[in-house]
Amino acid sequence: MSATISPSGPPIVEVAELARSFGSRPAVASVTFSLAAGECLALFGPNGAGKTTLLRVLAGLLRPTSGSAKVCGVQLPGGALARSRVGLISHHTMLYEALSPRENVAFAARLYGLRDSRARVDDVLRRMSMLERSDTPVRSLSRGMQQRVSIARAMVHAPQLVLADEPYSGLDESGARALTALLQELRSAGTAIIIVTHNLAEGLSLATHAAVMQRGKFVRYDAADRISAASYGIAYREAVAASG
Amino acid sequence: MADTLFAAWLIARKDLAIEFRTRSAFLSAAVFALLGLVIFYYSWDPTAVTATDLAPGVLWVIFTFSGLLGLHRSFGVEMEDHAIDGLLASPVSREAIFLGKAMANLVFVAAVQAIAIPALAVFYNLPLGGIAVPLVVIAVLAAIGLVAVGTLFSAMAVNTRLAELLLPMLALPFFVPIVTAAAQATAKLLSGRPVIEASAWLKLLLAFDIVFVAACMLIYPFTVED
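Heads up: the sequence lines are chains A and B, in that order.
Our numbering applies: residue 1 is where the first sequence begins, and numbers increase by one.
Our numbering applies: residue 1001 is where the second sequence begins, and numbers increase by one.
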């Protein structure tokens, strides 16, 4: 099943009949949706459903096999222009262990063209409660702290689209609260968000749209006014059971 | 172009900062180079072959293999927690990533050369004073070619299970023309021939550098595409 819900503003993400295969194995198959500024899609599904692949296509790390995907009006793979609008939080922290959190985030800021980035770097580290440990080598930090730094790294350039792949993994309660507050603030400021999570409550608390993915396809896709935690719980469990 | 060079500089500076903190690859390469010189020295029969005949080969064999240690580390550092995804998802061009890596590797190889060349002079009692400048030119030209090829193959090999074996297997055949030209030019200088006699080899090195740098920079983006 695929669906398009008319966005309330110009679309940040437009995906039409998108497919991505690895050899003969389809990872994403015929996915269609769009998201406007300030909207958030919570994406649920069992392991191997294609959620991460979909995010990697939108981040410009994978080419679509067929169909089309646009980010901020730029057709993917759209090169530097599309990638500059996206903030990616991955399964992996994407950090350099020998560098400090400040150095990691400052490096990312400069890659994204922020010339005088010190204040912005301090701000995102403060938001994730990492300012006091900002000069400690990343390898000395716990997994949860590394995840906080990874989130700060993804947010430093104020992206128009945040792709968050299980961003709550490893975070303690205060880290999770800080992340939720940050994502809500970004949404209010017009950032579109796609969040992949196995925690229905976390995902639905932020979502304006929700989808359940199974074997590369959206088997359920709804806008906020039709999202019910109970029905999504059932759909999610069915998808997990069906994936074996 | 300015954006590409700036991004390459950022990446090179980051790689050098990591290497400066850990010193893992540099220490390995420097110790390897010195141990290699010692082994060659003690296996050398000065009555059978003169120092000026032996030294160029020793020098370039050592540079080649010690350089491989640093080249392997070059993309290895990006795989620690998939940091390469952060680079590839950023708006910097793939060419800038290649150039940045190559620039850091060039500094690395030059640093190993700065230790190995004086050590070679001491072990083999070679008077390098009069040929220091042309020798540095040869070393830099050869290092550029080695680094361009090595950086490309490091990127290709890093995702494989046998990366440490695959990198030398891929890179060494391409190193042969560079090492041959560098060793021949070094031999001319060490045997007291005028610099002009080595100029043909220097031109060949320059040609290899231009071809290898351009080709490797063009090919690199295909190694990171899915």
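From the three backbone atoms N, C-alpha and C, an ideal C-beta is built for every residue, glycine too.
It should be emphasised that the depicted structure is a prediction, and the values quoted were computed from it without experimental measurement.
Legend entry - Assigned secondary structure, L1189(B) (DSSP; H/G/I helix, E/B strand, else coil): helix
Inset, instruction - Closer than 7 angstroms by beta-carbon distance: list the chain B residues that pair up with T93(A), in chain order. - result: Per Cβ cutoff of 7 angstroms: D1081.
Inset, instruction - Kindly indicate if chain A contains any beta-carbon less than 7 angstroms away from that of L1088(B). - result: For L1088(B), the answer is yes, since a Cβ of chain A falls inside 7 angstroms of its Cβ.
Inset, instruction - Verify the CB distance criterion: does V1092(B) have a CB-CB separation below 7 angstroms to chain A? - result: Closer than 7 angstroms to some Cβ of chain A, the Cβ of V1092(B) qualifies, so yes.
Inset, instruction - Flag G45(A) as yes when its Cβ comes closer than 6 angstroms to any non-hydrogen atom of the ligand FAD, and as no otherwise. - result: The ligand FAD is absent from the structure shown, which contains no ligand whatsoever.
Legend entry - Beta-carbon proximity check, G1067(B) vs L1146(B), cutoff 7 angstroms: yes
Inset, instruction - Step through the CB atoms of chain B and report whether any lies within less than 7 angstroms of the CB of Y96(A). - result: Yes, Y96(A) lies at the interface with chain B (some Cβ there is under 7 angstroms from its Cβ).
Inset, instruction - Check each residue of the stretch 185–210 of chain A: if its Cβ is closer than 9 angstroms to any Cβ of chain B, include it; give the result in chain order. - result: none
Inset, instruction - Say whether chain B places a C-beta atom closer than 7 angstroms to the C-beta of S90(A). - result: yes
Legend entry - Beta carbon proximity, L1016(B) to chain A, threshold 7 angstroms: no
Inset, instruction - Kindly say whether L54(A), judged by its beta-carbon, lies nearer than 7 angstroms to any beta-carbon of chain B. - result: No - not a single Cβ of chain B is within 7 angstroms of the one on L54(A).
Legend entry - Inter-residue Cα distance where the pair is L55(A) and D165(A): 8 angstroms
Inset, instruction - Taking 7 angstroms as the cut-off, decide whether the C-beta atoms of A1143(B) and L1189(B) are in contact. - result: no
Inset, instruction - Could you tell me which of G79(A), L41(A) and L206(A) sits nearest to A181(A), measuring between CA atoms? - result: L206(A)
Inset, instruction - For my contact list, L41(A) and H209(A) are in at a C-beta cut-off of 8 angstroms; report their separation, rounded to the angstrom. - result: 5 angstroms
Legend entry - With 16 other Cβ atoms within 10 Å as the buried cut-off, status of S111(A): With the sequence shown as reference, residue 111(A) is identified as Leu, and Ser is not the correct amino acid for it. So L111(A) ends up on the buried side.
Inset, instruction - Verify whether the separation of the beta carbon atoms of P159(A) and V86(A) is less than 7 angstroms. - result: yes
Inset, instruction - Indicate whether the contact test is met: 3 or more Cβ pairs, each with one atom in the stretch 169–178 of chain A and one in the stretch 67–79 of chain A, closer than 8 angstroms. - result: no
Inset, instruction - Taking 7 angstroms as the cut-off, decide whether the C-beta atoms of Q147(A) and G170(A) are in contact. - result: yes
Legend entry - chain B contact for A80(A) (CB, 7 angstroms cutoff): yes
Inset, instruction - At 8 angstroms on the CB atoms, spell out the chain A contacts of T1022(B), in chain order. - result: A98
Inset, instruction - Decide if S6(A) is buried, meaning its Cβ has at least 16 other Cβ atoms within 10 Å, or exposed. - result: Confidence at S6(A) is low in this model, with a pLDDT of 44, below 50, so its placement is unreliable and no value can be given for it.
Legend entry - Under the three-state DSSP convention, the category A242(A) falls into: helix
Legend entry - I227(A) - DSSP class collapsed to helix/strand/coil: Looking at I227(A) - three-state DSSP - the assignment turns out to be coil, as it is neither helix nor strand.
Inset, instruction - For S84(A), decide whether its Cβ has a neighbour in chain B, counting only Cβ atoms nearer than 7 angstroms. - result: yes
Inset, instruction - Quick one: grab the DSSP three-state call for M213(A). - result: strand
Inset, instruction - Measure the C-alpha to C-alpha separation of L35(A) and A16(A) and round it to an integer number of angstroms. - result: 12 angstroms
Legend entry - Where E202(A) sits in the DSSP three-state scheme: helix
Legend entry - C-beta neighbour in chain A for D1085(B), strict 7 angstroms: yes
Inset, instruction - Output the distance between the C-alpha atoms of Y1220(B) and G233(A), rounded to the nearest integer angstrom. - result: 45 angstroms
Inset, instruction - Would you verify that the beta carbon of L1069(B) is, or is not, closer than 7 angstroms to some beta carbon of chain A? - result: no
Inset, instruction - Please report the residue range of the alpha helix (DSSP H) in which I1131(B) lies. - result: Counting along the chain, I1131(B) falls outside any alpha helix (DSSP H), and DSSP gives it neither H nor E.
Legend entry - Member of P1056(B), H1072(B), I1117(B) and L1010(B) whose CA lies at the smallest distance from the CA of S1024(B): H1072(B)
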